[in-house]
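Chemist: Protein chains in written order, with the numbering used here: chain C, 157 to 552; chain X, 1370 to 1631.
Yeah, the Cβ is synthetic: ideal placement off N, Cα and C, and Gly gets one too.
Below is the structure I would like to discuss, written out as structure tokens.
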Amino acid sequence: MKFFLTITLLICSSSLWANEWSGNISFDTKYFSQDGLSASQFKEYGSISFQPEWFHEWDGGKQSFTFVPFTRWDQHDEKRTHSDIRELSWLKVFKESELRVGTGKVYWGVSESQHLVDVINQTDLVENMDGEDKLGQPMINYALINDWGTVDFFVLPYFRERTFPGVNGRLRTSYHIDTDNVTYESSDKQNHIDYALRWSHSLGDWDIGLSHFNGTSRDPAFTTTPTPDNNGVLSLRPIYYLMQQTGLDIQATKDAWLWKLEVINRSINNDNYNAATAGFEYTFYSILESSSDIGLVVEYLYDDRNSKASTPFEDDLMLGLRWTKNDENDTSVLVGVIADRDDSSRLYSIEASRRVAENMKLTIEARLFTGIAANDLLLASFRQDDFIQVELGYYF
Amino acid sequence: MKGIILLFSLIAFSSLAGAALAETAEEKGLAIAVEADKRDQGWTDQETTSKMILRNSQGAESTREIRGKALEVEGDGDKSLTIFDTPRDVKGTAFLSFTHTLKADEQWLYLPALKRVKRISSSNKSGPFMGSEFSFEDISSQEVAKYKYKFIKDDKINDREVFVIERIPQYKKSGYTKQIAWIDKEMYQPLKIEFYDRKKSLLKTLTQHDYKQYLNKYWRPGRLEMVNHQTSKSTTLLWKSYKFKNGFSSRDFDRNSLKRAR
């Protein structure tokens, strides 16, 4: 309580407060072309989100404080209506090190299609099925900056459970996920202390990261037999196992080529497996004498558990085309497909965005699921979930 | 590299002292560039705030507010960190660049929404910077070895004596076949530069205005006007403040500082 009082005083006492607030309010509407597999689902969903940010620095920029709360209201999905503290952290910069204490977000890796190496933050899955939205993670992060690379130490004292769409939400598994009844391998449950270590360095054209994580896996497994949730609806329960994961990420930047590799080895629930993403991004600059760029993204997704993998990307190819207009409105379009090499399942996606006024940005996102067999364990639930979403964001 | 060229040109100067008449247009052009470079050495580091006003062919305006830090690196290109304050949807986006005279620059982009540092290709020299009429090569640090020079003539702009020199880019992927620069004889700073595209036609004209001297030595412009003759678009770059000798070190220009740039 005293902590929050201090923060409130800090916020109110700052004479520069007007300059230190920023953030956005976004309105979005999602339209699904088909009815859901479940009668409890809808075809149209409206939603509003609000993410302000307060930043204050002192000590000549050597210390700073950041607070980023987030909240969303969804028209139908009671689980997507949720709030989170994305960031609430204090940072102290030393000559050859940095200390960050509080809740925050950390990103590791280089690939575009999936993020194998990136394991610090839990995915806020109700936000977007692409897994790029993350929940704030409580942490102590100490970074030692050396000539031979940066070494980051992480102590993660509290575990965040993944969010899942509710019974009335779309883009969910046929049996909905009962987030009220969760099982942990560790008897400390959410209070299990996780540790992570990462070395990262830039050597000429090469950017390299080597990391190790020891703690509760952010990716849950699920009970195989559906059981009733607190409302009596048959559902699956998440199980969070402990894991050890070693990850390597490399990017080689050679002229207009970006060569990328992410490899992990994970030991979890008496199993040990490897997974990888490898590929490249090539950009054709100033095409046809214009200011436009076209980037080609190709990535191969691999998991040596094959069909037993907990992700649908065990032997898949991702192809993406990114058009960047480089105009005053930052117009860009990304079209992509992830294709399974063993069956006909395809995930198509389109993301387009453009600034429509000085403080407003319009984003259109669409996803299509094709060729998915009704018995496909991981994707069958999404086979009728083709959608288009239009989002208008106001930034201040 | 810069040092070698400087040394070379000094030797060239001394040997030419007795035979000044024999100086070729190329040697005179290089000598002007070397002198300009020499006069701008020793600034160590600088911190700037600036505003870009972009105008399309219909005259509609949009603005970008930018803060920058730069560190002078002896014998190589400078290091710089650029932070965007507006447009608000890209607020907090930051750009770290290690320029090199002849080998490829190293560049990283920080995307605040994802907290992701992304190494990006530096071969996009001719691409627009933030949708403006300035390209990446226009805003990167100017090093002697980046061009081949040729003195054209003495001239006057607004009653100021200038050297007119031709510069041919020597680095890869330049969008220009040549530049014509009008260098002020007192400040050794450009008042005007014309940029010729790959088809050798005039693409853009840059004029630099409102010069002020800092630390009794370094001249910096207060306003830049870039006009694209082929698209009729233009960009004004207003330098709102310059602050020198901030005590920056390479630690202020690493990927950790990029991540916490605000």
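Of all the options X:L1440, X:S1449, X:S1490, X:P1559, which has the alpha carbon lying nearest to the alpha carbon of R1357 of chain X?
Modeler: This structure leaves residue 1357 of chain X out entirely; chain X is present only between 1370 and 1631.
Chemist: In chain order, what are the residue ranges of uninterrupted beta strand (DSSP E) at least 3 long that sit wholly in the stretch 167-222 of chain C?
Modeler: 177-188, 200-214
Chemist: How about S1419 of chain X and I1435 of chain X: are their beta carbons less than 8 Å apart?
Modeler: yes
Chemist: From L1379 of chain X to K1407 of chain X, what does the alpha carbon distance come to, in whole angstroms?
Modeler: The pLDDT assigned to L1379 of chain X is 48, lower than 50, so where the model puts this residue is not dependable, and the model offers no usable value.
Chemist: Compare the beta carbon distance of Y1540 of chain X and K1515 of chain X with 8 Å and say whether it is the shorter of the two.
Modeler: With respect to K1515 of chain X, Y1540 of chain X sits close: the two C-beta atoms are nearer than 8 Å.
Chemist: Between V1459 of chain X and R1624 of chain X, how many whole angstroms is the CB-CB distance? I'm expecting something under 8 Å.
Modeler: In fact, because the Cβ distance is near 19 Å, the residues do not count as touching under 8 Å.
Chemist: Are the beta-carbon atoms belonging to R236 of chain C and R228 of chain C less than 8 Å from one another?
Modeler: It is a contact, given that the beta carbons lie within the stated cut-off.
Chemist: Given that a residue counts as buried once 16 or more other Cβ atoms are within 10 Å of its Cβ, and exposed if not, what is W304 of chain C?
Modeler: exposed
Chemist: Using a 10 Å radius around the Cβ and a threshold of 16 neighbouring Cβ atoms, would you call R1567 of chain X buried or exposed?
Modeler: With a 10 Å radius around the Cβ and a threshold of 16 neighbouring Cβ atoms, R1567 of chain X comes out exposed.
Chemist: If you run the structure through DSSP and keep just helix, strand and coil, what is D363 of chain C?
Modeler: strand
Chemist: Can you tell me whether DSSP reads I1380 of chain X as helix, strand or coil?
Modeler: Because the pLDDT of I1380 of chain X is 49, which lies under 50, any placement of that residue in the model is unreliable, and the number read from its coordinates should be weighed accordingly. I1380 of chain X: helix per DSSP, three-state reduction.
Chemist: Nearest chain C C-beta to M1370 of chain X closer than 8 Å, yes or no?
Modeler: Because M1370 of chain X sits at a pLDDT of 44, beneath the cut-off of 50, its placement in the model cannot be relied upon, and the following sentence gives the value as read from the coordinates. It does not; no Cβ of chain C falls within 8 Å.
Chemist: Report, in whole angstroms, the separation of the C-beta atoms of N428 of chain C and Q401 of chain C, which I expect to be a contact under 8 Å.
Modeler: Not a contact, Cβ separation roughly 10 Å.
Chemist: Do you know offhand how far Q293 of chain C's Cα is from V389 of chain C's?
Modeler: 30 Å
Chemist: Are I494 of chain C and M474 of chain C closer than 8 Å when you measure CB to CB?
Modeler: yes
Chemist: Report yes if the CB atom of N347 of chain C is closer than 8 Å to the CB atom of Y314 of chain C, and no otherwise.
Modeler: In contact: N347 of chain C and Y314 of chain C (Cβ atoms closer than 8 Å).
Chemist: Once you ignore the five residues that flank S205 of chain C on each side, which residues in its own chain have a CB closer than 6 Å to its CB?
Modeler: S182, R228
Chemist: Using beta-carbon positions only, say whether R393 of chain C and T339 of chain C come within less than 8 Å of one another.
Modeler: Yes. Within cutoff.
Chemist: With a threshold of 16 other CB atoms inside 10 Å of the CB of W177 of chain C, please say whether the residue is buried or exposed.
Modeler: exposed
Chemist: Does the distance from the CB of Y1565 of chain X to the CB of Y1545 of chain X come in under 8 Å?
Modeler: yes
Chemist: Which of the three DSSP states, helix, strand or coil, is assigned to S505 of chain C?
Modeler: Three-state result, S505 of chain C: strand.
Chemist: In chain X, what lies closer than 8 Å to K517 of chain C by C-beta?
Modeler: Around K517 of chain C, the beta-carbon contacts reaching into chain X at under 8 Å are D1458.
Chemist: Going by other Cβ atoms of all chains shown within 10 Å of its Cβ, with 16 needed for buried, is E200 of chain C buried or exposed?
Modeler: With a threshold of 16 other beta carbon atoms within 10 Å, E200 of chain C falls short and is exposed.
Chemist: Give the interface partners of T549 of chain C over in chain X, defined as CB-CB distance under 9 Å, in chain order.
Modeler: The sequence shown places Gly at residue 549 of chain C, not Thr. Result: D1458.
Chemist: Find the residues of chain X that neighbour E288 of chain C, judging by a C-beta separation of less than 7 Å, and give them in chain order.
Modeler: L1483
Chemist: For S1601 of chain X and chain C, any beta-carbon pair shorter than 8 Å?
Modeler: no
Chemist: Excluding the 5 residues flanking S1384 of chain X on each side, which residues of the same chain have their C-beta closer than 8 Å to its C-beta?
Modeler: Confidence in S1384 of chain X is poor, its pLDDT being 49 and thus under 50, which makes the residue's placement unreliable; the coordinate value appears in the next sentence. Same-chain partners within the cutoff: there are none.
Chemist: Whose CA, out of X:H1598, X:H1469, X:R1457, lies closest to the CA of H485 of chain C?
Modeler: At residue 485 of chain C the sequence reads Asn, which differs from the His that was named. Comparing Cα-Cα distances from N485 of chain C to each of X:H1598, X:H1469, X:R1457, the minimum goes to X:R1457.
Chemist: Can you name, in chain order, every residue of its own chain whose Cβ lies under 7 Å from the Cβ of Y1611 of chain X, other than the five neighbours on each side?
Modeler: Here the set comprises Q1415, T1417, Y1583, R1589.
Chemist: Who does W264 of chain C pair with in a DSSP beta bridge?
Modeler: Bridge partners of W264 of chain C: none, in fact.
Chemist: Within the continuous alpha helix (DSSP H) that includes E1395 of chain X, where are the two ends?
Modeler: 1394-1408
Chemist: Can you say whether S1618 of chain X is buried or exposed, counting buried as having 16 or more other CB atoms within 10 angstroms of its CB?
Modeler: exposed
Chemist: When you compare only the Cα positions, how much space is there between T1470 of chain X and G1444 of chain X?
Modeler: Whole-angstrom Cα-Cα distance: 9 Å.
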